[in-house]
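Heads up: the sequence shown at position 53 corresponds to 54 in the numbering used here, and the numbers run straight through without jumps.
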Amino acid sequence: MLELRPNCELCDRDLPPDSADARICTYECTFCASCVESVLHDVCPNCGGGFQPRPIRPRSAWREATGLAHDPPGSERRHTRHTSSEIDAFVASLRDVSPAER
Ligand SMILES: [Zn+2]
Ligand SMILES: [Zn+2]
């Protein structure tokens with residue numbers, strides 16, 4: 002099940018489960034839309050993959066054993082272990098390659 006992580010790994014802003022600004026890679030690395038667009042240029046600094054909007058988990062249990070009350074968001078705040086200059090160099094090397102070709 003997708004882990005709904007609570008913050009952007011780069012700027013640390015809160016990304017609650019209903020946020021339309023959360024972006025994730027296939028490893029669930031989580032960043033805000035602003036960082037993805039202006040800093041990361043659709044390159045995950047942890048794995049090199051592209052991003053997609055994170056789906057919003059329903060608040061209500063529309064089906065048995067589903068929804069936020071049954072499957073609450075994660076609470077562990079994460080921060081990328083890469084420095085800003087490392088990220089800039091990594092992004093520069095991959096941003097012009099489409100995610101499907103990386
Ligand atoms: Zn951010
Ligand atoms: Zn990633």
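Just so it is clear, CB atoms sit at the ideal spot from N, CA and C, and this is done for glycine as well.
Return yes when the C-beta of residue i is under 7 Å from any heavy atom of ligand 4, and no when it is not.
i	result
G50	Judged by which ligands are present, ligand 4 is missing from the structure shown, whose ligands are ligand 1 and ligand 2.
Among the residues of its own chain, which have a CB less than 8 Å from the CB of residue i, if the five just before and after it don't count?
i	result
T27	C48, G50
Tell me whether residue i, by its Cβ, gets closer than 7 Å to a heavy atom of ligand 1.
i	result
L11	yes
Here's the rule I'm using: 16 or more other beta-carbon atoms within 10 Å means buried, otherwise exposed. How should residue i be labelled?
i	result
E87	exposed
V98	exposed
Looking only at its own chain, which residues have a Cβ that is under 7 Å from the Cβ of residue i, when we skip the five neighbours before and after it?
i	result
E10	C30, T31, F32, R79, H80, T81
H7	The amino acid at residue 7 is misidentified as His; the sequence shows Pro. Correct list, in chain order: D15, L16, P74, G75, S76, R78.
Within the present structure, is the beta-carbon of residue i separated from the nearest heavy atom of ligand 2 by less than 7 Å?
i	result
N8	no
C26	yes
C36	no
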